[in-house]
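The block underneath contains the structure these notes are about, expressed in structure tokens.
There are 2 protein chains.
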Amino acid sequence: MGVVRKTKSVDLLLDQFKSGSEAISVIELVDRLSSKLNKTTIYRVLNNLEDDGVLHSFLGVNSLKWYAKCSGCSKTKHSDIHPHFQCTVCGKVDCLPVKMTIPEIPTHDVKSIQVLINGACTNCRA
Amino acid sequence: MGVVRKTKSVDLLLDQFKSGSEAISVIELVDRLSSKLNKTTIYRVLNNLEDDGVLHSFLGVNSLKWYAKCSGCSKTKHSDIHPHFQCTVCGKVDCLPVKMTIPEIPTHDVKSIQVLINGACTNCRA
DNA sequence: TTTGTTATTGCAACTGAGTTCTAATAAATT
DNA sequence: AATTTATTAGAACTCAGTTGCAATAACAAA
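Residue numbers (the working numbering), protein chains in the order written: chain E, 1 to 126; chain S, 127 to 252.
What follows is the structure, encoded as structure tokens:
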């Protein structure tokens with residue numbers, strides 16, 4: 001599928017991801033936009049934007065779904081592989097600008113890899 | 127807390143993890159043991175066994191919770207860090223016997239790391 | 001062995017993130 | 001302006017995981 005039409009929903013959601021490499025949970029997005037967009041719409045548009053290679057998603061702690069901007073991805077190829085860092089103090093999630101290489105596992109045919117790192121972020125570490 | 131008493135529930139659950147390095151989802155465990163144990167009990171005992179360093183848990187695709195045996199962990203120290211491999215064909219999850227080093231991130235204070243690899247397992251790759 | 005203490009269990013009801021269905025709406029094309 | 005069809009809102013639903021409480025069973029002390 002993917003996004004085909006320019007709609008208010010798409011604009012509003014893309015606005016949220018304009019700045020920085022910070023990820024946003026769907027729960028947070030629903031909360032921020034609840035007066036303007038329906039929950040179902042948010043889930044669907046995010047899904048479309050991921051199909052288009054505009055955003056990527058992953059699971060944080062408590063199995064909540066998070067989204068962040070992709071860089072260098074397209075409808076056909078998702079090449080933006082990097083670790084995600086979730087702060088155990090404030091809960092925020094960053095995309096780490098660290099190059100990840102997919103490891104060679106002789107016994108398995110590796111397709112993708114997800115790395116979630118936990119600890120204290122820049123602001124929260126004492 | 128952790129497990130203090132030897133009960134039927136603990137024995138039944140530990141039996142499931144006797145062989146191999148294969149992880150088992152909670153859903154699967156509830157399914158296997160539903161005639162013998164209550165769902166709530168299963169969730170609670172698994173949680174205790176994790177506190178004790180006997181099992182470790184992680185999230186697979188669809189944010190389902192999985193458990194697998196720990197090796198070399200105790201009530202106070204969880205040192206068994208390794209990637210988990212989930213097959214996109216059959217859905218099974220293996221603990222990979224690969225040593226993982228926690229990366230140095232200058233800007234963040236890293237505490238733990240979770241790696242989920244996707245692809246085709248030994249049985250499912252063509 | 002019996003009694004008392006308290007961890008553990010079963011059950012029912014609940015929670016909440018994410019999904020599904022359908023009718024109404026609004027892009028985009030003619 | 002009319003037509004087509006993707007998109008949206010809303011309500012209802014799904015289901016993994018949790019909570020509260022009364023009943024039960026492991027274990028220790030007598």
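Every residue, glycine too, gets a C-beta built ideally from N, C-alpha and C.
Amino acids of chain E, ordered along the chain, whose beta-carbon sits closer than 7 angstroms to that of C247(S): Near C247(S) (Cβ distances below 7 angstroms), the residues of chain E are H108.
CB contact check: Q114(E) to chain S, cutoff 7 angstroms: The beta carbon of Q114(E) falls within 7 angstroms of a beta carbon belonging to chain S, placing the residue at that interface.
Element boundaries [beta strand (DSSP E), containing V171(S)]: Segment 165 to 177 is the alpha helix (DSSP H) holding V171(S); no beta strand (DSSP E) there.
7 angstroms Cβ cutoff, I153(S) in contact with chain E: No, no contact with chain E.
Host alpha helix (DSSP H) of V219(S) (start-end): DSSP places V219(S) outside any alpha helix (DSSP H); the residue lies instead in the beta strand (DSSP E), whose first and last residues are 219 to 221.
Contact with chain E by F184(S), beta-carbon distance below 7 angstroms: With 7 angstroms as the cut-off, F184(S) does not count as an interface residue toward chain E.
Cα-Cα separation, G53(E) to S135(S): Each residue's CA atom was taken as its position, placing G53(E) and S135(S) some 46 angstroms apart.
Cα-Cα separation between K75(E) and H56(E), rounded to whole angstroms: In a straight line, the C-alpha of K75(E) is about 12 angstroms away from that of H56(E).
Length of the line joining the Cα atoms of L242(S) and L185(S): One Cα belongs to L242(S), the other to L185(S), and the distance between them is close to 8 angstroms.
Nearest-angstrom Cα separation, counted from C250(S) out to P97(E): Roughly 33 angstroms separates the two Cα atoms.
Touch test, the region 231 to 245 of chain S against the region 205 to 217 of chain S, Cβ-Cβ under 8 angstroms, three pairs minimum: Yes, the region 231 to 245 of chain S touches the region 205 to 217 of chain S.
Three-pair Cβ contact test at 8 angstroms for the region 187 to 196 of chain S versus the region 144 to 157 of chain S: Yes: the two stretches touch, three or more of their Cβ pairs being nearer than 8 angstroms.
Beta-carbon proximity list for M1(E), same chain, < 7 angstroms, skipping 5 on both sides: Note that M1(E) has pLDDT 42, beneath the 50 cutoff, so the model's placement of it is unreliable and no number is given.
Whether I102(E) touches I113(E) by CB criterion (7 angstroms): Result yes, Cβ atoms of I102(E) and I113(E) sit closer than 7 angstroms.
Residues bridged to F211(S) (per DSSP): F211(S) pairs with D220(S), I243(S).
Cβ neighbour criterion (16 or more within 10 Å) applied to V187(S): Exposed.
Buried versus exposed call for D15(E) [16 or more other C-beta atoms within 10 Å across all chains shown]: Exposed: under 16 other Cβ atoms inside 10 Å.
Delimiting residues of the alpha helix (DSSP H) encompassing S9(E): Note, S9(E): alpha helix (DSSP H), 8 to 16.
Closest residue to V89(E) among R131(S), D206(S), V236(S), L159(S) (Cα-Cα distance): Checked all of R131(S), D206(S), V236(S), L159(S); the closest Cα to V89(E) is V236(S).
Own chain residues within Cβ distance below 8 angstroms of Y169(S), not counting five before or after: Only V152 meet the Cβ criterion.
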